[in-house]
Amino acid sequence: DTGVSQDPRHKITKRGQNVTFRCDPISEHNRLYWYRQTLGQGPEFLTYFQNEAQLEKSRLLSDRFSAERPKGSFSTLEIQRTEQGDSAMYLCASSARQGPSYEQYFGPGTRLTVT
Amino acid sequence: DAKTTQPNSMESNEEEPVHLPCNHSTISGTDYIHWYRQLPSQGPEYVIHGLTSNVNNRMASLAIAEDRKSSTLILHRATLRDAAVYYCILRATSGTYKYIFGTGTRLKVLA
Chain A
1 DTGVSQDPRH KITKRGQNVT FRCDPISEHN RLYWYRQTLG QGPEFLTYFQ NEAQLEKSRL
61 LSDRFSAERP KGSFSTLEIQ RTEQGDSAMY LCASSARQGP SYEQYFGPGT RLTVT
Chain B
1 DAKTTQPNSM ESNEEEPVHL PCNHSTISGT DYIHWYRQLP SQGPEYVIHG LTSNVNNRMA
61 SLAIAEDRKS STLILHRATL RDAAVYYCIL RATSGTYKYI FGTGTRLKVL A
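Just so you know, the sequences run in chain order A and B. In case it helps, the numbering used here puts the first sequence at residues 1 to 115. In case it helps, the numbering used here puts the second sequence at residues 1 to 111.
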């Protein structure tokens, strides 16, 4: 199966540490999205890439967050100086085409716990 | 972005049909209606989408009101594996096509 994969699936870190998550989209999907989901809430959009270009960032993406997608393939999301409020599920999704009728395929997520 | 309103939770008996409602009174003429579901500890999974006409696929049916201000996701025979949070999302026809999720409906299926 060549679905969206995310690594790691779980991460526990201490407040103040930096963490990095990786997302591998479905092969040849040139559109990639990051979302964050807290307990009991739906996912919230963080950022969007088309190929290697980061085209939109949510206000939720503070200066401590940075995302990259070198060469338009996998993507990384880094959180610097983690805070307890960063504890959440971080979801990655990819899409083959752009348009309102094309669905996104989500990965299983990375659950971050900041202690 | 137009918003959707869904009941927080619903229950259904196994092997019975389930009708999950969604209100979207501020929908624009070109917004698509997408439904996703999220099983425990998994990412959201695409279920179905539509614009104006009712739609059917192997997972479900989508009934869209004539004025498009509401829609209903229909699971024809609920199974225990259908227990999930179901999200109704409006998707604009421009921009990055990101999803704006609400809190969804938690469906409980009783054996």
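Glycine residues also receive a C-beta, built at the ideal position from the N, C-alpha and C atoms.
For a cut-off of 8 Å, the C-beta gap from A88/A to T47/A is around 14 Å, too long to register as a contact.
Closest by C-alpha distance to S25/B, out of A60/B, N8/B, S61/B and I89/B, is I89/B. Cβ neighbours of Y86/B within its own chain (closer than 7 Å, five residues either side excluded): L20, W35, R37, L73, G104, T105 and L107. Nearest CB-CB separation between Y90/A and chain B: not below the 7 Å threshold. Between V4/A and G107/A, the CB-CB gap stays under 7 Å. Between V55/B and A83/B, the C-beta spacing is not below 7 Å.
Rounded to the nearest angstrom, the gap between the Cα atoms of L62/B and K14/A is 45 Å.
The DSSP-derived three-state label of K98/B is coil. Rounded to the nearest angstrom, the gap between the Cα atoms of E68/A and P25/A is 13 Å. Contact check for E28/A and A96/A: beta-carbon distance about 7 Å, within the 8 Å limit, so the pair qualifies.
At least one CB of chain B lies nearer than 7 Å to the CB of G109/A. Taking 8 Å as the upper bound for CB-CB distance, T52/B and I64/B are in contact here, some 6 Å apart. Neighbourhood of G42/A in chain B, by CB distance below 7 Å: Y87, F101, G102, T103 and G104, in chain order.
For K57/A, DSSP records a beta bridge to T47/A. The residue among L91/A, T110/A, E103/A and C23/A with its C-alpha nearest the C-alpha of E44/A is L91/A.
Taking every protein chain shown into account, the CB of I12/A has fewer than 16 other CB atoms within 10 angstroms, so this residue is exposed. Between S94/A and Y32/B, the gap from beta carbon to beta carbon reaches 7 Å or more. In this structure, the alpha-carbon of R59/A lies about 11 Å from that of F65/A. Remark: C-beta atoms of G85/A and G102/B do not approach each other more closely than 7 Å. By the CB criterion at 7 Å, L32/A and S73/A fall outside the cutoff.
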